[in-house]
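Here's the structure, in structure tokens; my notes come after.
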Amino acid sequence: MIEKDLVIIGGGSAGMASALEAHNQGIKSILILEKNPYLGGILNQCIHNGFGLHEFNEELTGPEFMTRFSDLIEKNKIEYRLLSNVLSISEDKVVTYSNSYEGLVEIKAKAIILATGCYERSPGAIQIPGTRPSGVYTAGQAQLYLNCYGYLVGKRVFILGSGDIGLIMARRMTLEGAKVLGVAELMPYSAGLNRNIVQCLKDFDIPLYLSHTVKEVKGKEQLSKVVIAKVDEKFNFIPGTEIEFDADTLLLSVGLIPNCDLISKLDISFSKTRGANVTQDMETDVPGIFSAGNVLHVHDLVDYVVSEAKEAGRGAAKYLNGKLTHKGHVYSLKPGYGIGYVVPQRIFIEDAGEQIILKFRVTRPFKDINIFIKENDNLIKKIFKPAIIPSEMEIVKLDKSLFKSLDNTIDVYVEEKK
Amino acid sequence: MIDVLIIGAGITGSLIARKLSSYNLNVHVLDKENDVGNVTSMANSAIVHSGYDPVPGTKKAKFNVLGNSMYPKLCEELDVHFKMIGSLTVALYEEQLKLLENLAERSKENGVKVKLLSADEVRKLEPNISSEVKGALLAPTAGIVNPFTLTVHAMENAVDNGVCLHLNEEVIKIVKNGNFYNVVTKSNSYQAKVVINAAGVHSDQIHAMVEPIDYQITARKGEYFVLDHYKEGLVNHVIFPLPSEKGKGILVSPTTSGNYIVGPSSEINDDREDVSTDKLTLDEVKRQALDMVPSIPFNQAIRTFSGNRPTPSTHDFIIDFAKCDKHFINVSGIESPGLVSSPAIAEYVVNELVSQVLTLTKKESFNPYVRKRIDLAKLSYKERNELIKKDPNFGYVVCNCEKVTLGEILDELSRSVPPRSVKALKKRTRAGFGKCQGGFCQPLVIKALAKHFDIPCSEVPLDGPGSEICKFVTKGGNDK
Amino acid sequence: MKELICITCPRGCHLKVDDNMNVTGNFCPRGAKYAVNELTHPVRTLTSTIKTNSELNPRCPVKSKEPLPKELIFKAMDEINKVVVKLPINIGDIVIKNVCGSGVDIVATKKIDK
């Protein structure tokens, strides 16, 4: 059986960034496995700009951003296989993949980084009411058809969900000649970035219906009508608020879910994000198996995916060099009031580097709040936020010296001003 | 001149066609859909019922029990996934225990082996069952089957043995013309000596084209959830509540693909073509299912669907000659337990009814086996590598969720009832059946279909004509 | 006083601009520049695709090298829709020079070999 120090599953931004970081840390026996015929993952279809402001200090499109990394992969001669689909990972880190040119291959890895990204919540998953005609797509699916294959899936479009991909697609389809009739969002606030509301909806006079959702989809072979209605605080439809649109297309931008299929049968615990629970080094419950990027939790910016993937790359290098002892004081992180989740879920303080990075999201929009990060009475950090929304991920970098090993739990919570 | 023309390529029509293909007859099949098994046979619970439930003495009871016994051989010949996992009908209240005993009695009358279990015995078999469970009726011969490949392979086997299949042919008129029937569709007409009406939810309408009828078919809609195949052992048997007047109730069951299915509801549907779902009904399905199995992870739902059962006003299957003529045979009102009954119905229709009007001589060349599908999961590491060496397409995984290779897709396209739509291909290969519902692989599937049929991608439908996906090419481009 | 949401970066600062074009609420200087521009001469970076001569990769992503005046966006799309590029193509290759007389080039944003 072939052996590798590090096998990285997924050649998107997380996979490439973690590979490069591990390589920089001295790990030379690396293999990236990518299912598509190209590196770069989903960024290949994200042709809009807005990527790279943190990583490169300039604004790039998706393909440009990912090329910065794939060029480095080539330059550093990091090994990768395209069109190679990983079928399974075993507890003892045997990775089995399949492609048309090598067949079925088993590799014994010393460490694995899972960088398989996420998938879109489908029409079936949200139990969209009505018929199941042609014309209902996830926003990313329509994006793939449009940007990579040159097909416009419809000309009169309604969009459910104000996630960023949906907003981006509202603009893209408008530019390509479709009429976007509106965007409905179940919540009383948008799920997407503010700038996308401005430049994708307002620029084109596309109405945004907050606290609305799709009540019925009509049409037999082909979608003919979308009916939306307003919902109350408990998300029940308010009678009489229905609006009917003559639409041939309904795009869904209703959330992304980490794709953890490959590790779902291993002895690994999962968090609310539906990604694996990890340590400060992005290590899962199985020593030597790491996870980073959208497979861990869905990020708002690819720049943050990259920085997290680098942490995983460093973590894997530490593991391979015997530097992850899992000894000493362990914290578990508890999301408290107003906090949806915190990554990582555990911190081995002795293994941690000088800086400990916490990532979290709030459960709803807040104004003028303090976020507390505390272990027992020790206030590790208090952060004031004039405004904060769930669609933006918060990143806090903390000095290791702030942690006093007083308690086993670190609480992260919101305190609203009275 | 056609000897036998079958209207409807659902499971019943397909198995009748297959049975007829073992005789020297000219057999044709019409279906209004773009694929076989595209209505009721596609959207059901996929359960091979044991037969404890139908009223003793009815056709339902007779064909259910007989059909059940035919499944192991049928599924072997047709290369269809079938597992006899047994069913548990559970009592959640003390007063239901009496009803379980009644069911056990009925089972005995129907000739079905069952066993009454105590609450503890149930819990041992099904650790996730409600703690409220008071007892259950175990029917070991109940099973689960892949209803998609069952219908496809039944028809494929019929076609391999000489049957002609015509899809997208909706019958609009039937005229008796001397000693044959002229069956008129929107675009063609067919002359046949014998017509078999296996038109499912429309079978009363087809029947009424030849004579006045004194019954009707009502579409009874059932709505379902499909959960991802995330974990084994949520339930190990088909779990039923106690049956009621509305049917067998909402079941929870594994599928042959490792998913879980929850449903169906039961509502009278005025529009026989309507297969919409609605939130209130699905919420009720959810509630009732959770009563039996409280830990069903509905956040793992990947799809909801609904199907219409052809419920006859006679409360029993209608399998007989038309009153006016023995050359018109009705196989109507085949609601649940239709799937399990279908092989027995097919035998009966051919041996007992068709035989009265046509001379049946065995076809020497009849082969009851379909060409085996390549089941990659069943191959060893070495066998799989040898296969990929021979045909590299078996190494290229197209559908990431369900791990379907291009080789499997091309194999399906090369068979005698090939998929003509994205949905037909999904039913056969599971490409697009998983958690992303085709979000990633659909363009590749469309390309494969377009290439095979030598049509532009813009003409590949999701399901029937008019459901094309790549409708518009941007930038005035030509579509290749 | 006008209120705007900065679209320069994904941060999306809430900006306030008074009658004398004084900007507040911006996290970085680009926000102030954006606010003044947006009120006097709004511009947008246009991203789209362009037709190629390849069957394997029928579209190549492109962008306007600099932001275009907002009112030219649809006119620029008309120009983009007329062009077919030959592969191979590299990031930064100019596919339309000086689109609609704006002085801005449309450039490829992806390297595609065939």
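Residue numbers (the numbering used here), protein chains in the order written: chain H, 1 to 418; chain P, 1 to 480; chain A, 1 to 114.
Note that beta-carbon positions come from the ideal geometry of N, C-alpha and C, so glycine has one too.
Keep in mind that this is a model prediction, so the values were computed, not measured.
- Using beta-carbon distances, Lys51/A counts as an interface residue toward chain P, with a partner under 8 Å.
- Between Val99/A and Ile91/A, the beta carbon gap of about 18 Å keeps them out of contact (Cβ cut-off 8 Å).
- In the three-state DSSP reduction, Ile268/P falls in the strand class (E or B).
- Here the C-alpha atom of Ile345/P lies approximately 21 Å from the C-alpha atom of Thr218/P.
- Per DSSP, the continuous alpha helix (DSSP H) segment holding Gln442/P begins and ends at 442 to 453.
- Cβ proximity to chain H below 7 Å picks out Ile7, Cys9, Pro10, Gly12 from the segment 7 to 19 of chain A.
- The alpha carbon of Val105/H has as its nearest neighbour, out of Lys231/P, Lys389/P, Gly434/P, Asn64/P, the alpha carbon of Lys389/P.
- In the DSSP assignment, Lys51/A falls outside any alpha helix (DSSP H) and within the unbroken beta strand (DSSP E) covering 47 to 52.
- Around the C-beta of Gly143/P, 16 or more other C-beta atoms lie within 10 Å, and the residue is accordingly described as buried.
- Secondary structure note for Cys75/P: its alpha helix (DSSP H) is the uninterrupted segment 59 to 77.
- If you check each beta-carbon in the segment 89 to 101 of chain H against every beta-carbon of chain P, the ones closer than 7 Å belong to Ser98, Asn99, Ser100, Tyr101.
- As computed with DSSP, Thr67/H is found in no beta bridge at all.
- Within the DSSP bridge table, the entry for Gln355/H names Asp399/H as partners.
- In the DSSP assignment, Ser88/H falls within the beta strand (DSSP E) that extends over 85 to 89.
- Across the structure, Ile318/P and Val331/P are spaced so that their CA atoms are roughly 6 Å apart.
- Taking a cut-off of 8 Å for Cβ pairs, the segment 133 to 147 of chain H and the segment 274 to 282 of chain H do not touch, as fewer than three such pairs fall below it.
- In the DSSP annotation of this structure, the continuous segment of the beta strand (DSSP E) that includes Ser306/P starts and ends at 301 to 312.
- With a threshold of 16 other beta carbon atoms within 10 Å, Pro294/P falls short and is exposed.
- By the Cβ-count criterion, Cys401/P is buried, with 16 or more other Cβ atoms from all chains shown falling within 10 Å of its own Cβ.
- Using a C-beta cut-off of 8 Å, the segment 339 to 352 of chain H makes contact with the segment 321 to 328 of chain H, since at least three inter-stretch Cβ pairs fall below that distance.
- At a beta-carbon threshold of 9 Å, none of the residues of chain P lie near Asn22/A; the nearest stands roughly 44 Å away.
- In the structure shown, Glu459/P falls within a helical segment according to DSSP collapsed to helix, strand and coil.
- The contact set of Asn57/A on chain P, defined by CB atoms closer than 9 Å, is empty, because the minimum CB distance reaches about 12 Å.
- Taking the Cα positions, Asp92/H is about 19 Å away from Phe270/H.
- The beta carbon of Tyr396/P sits closer than 8 Å to some beta carbon of chain H.
- Less than 8 Å separates the beta-carbon of Ala139/H from that of Leu252/H.
- If the five residues before and after Leu125/P are omitted, its C-beta is found closer than 8 Å to the C-beta atoms of Leu88, Leu117, Leu138, Asn236, His237, all from its own chain and listed in chain order.
- Of the residues assessed, Ser22/P falls on the buried side of the cut-off, its CB having 16 or more other CB atoms within 10 angstroms.
- Shown here, Pro29/A sits in a helix according to DSSP, grouped into three states.
- In this structure, the beta-carbon distance from His212/H to Lys225/H does not fall below 8 Å.
- DSSP places Asp5/H in the uninterrupted beta strand (DSSP E) bounded by 2 to 9.
- Nearest neighbour of Glu33/P by Cα position, chosen from Arg420/P, Ile196/P, Lys435/P, Cys457/P, turns out to be Arg420/P.
- Its chain contains His81, Phe82, Val145, Leu150 as the residues whose beta carbon lies nearer than 8 Å to that of Cys75/P, once the 5 sequence neighbours on both sides are disregarded; these appear in chain order.
- Of the other Cβ atoms in all chains shown, 16 or more fall within 10 Å of the Cβ of Lys62/P; this residue is therefore buried.
- Contact residues of the segment 210 to 228 of chain H toward chain P are Lys215, Glu216, Val217, Lys218, Lys220, Glu221, Gln222 (C-beta to C-beta distance below 9 Å).
- Contact check for Leu186/H against Ile197/H fails: the beta carbons are separated by 8 Å or more.
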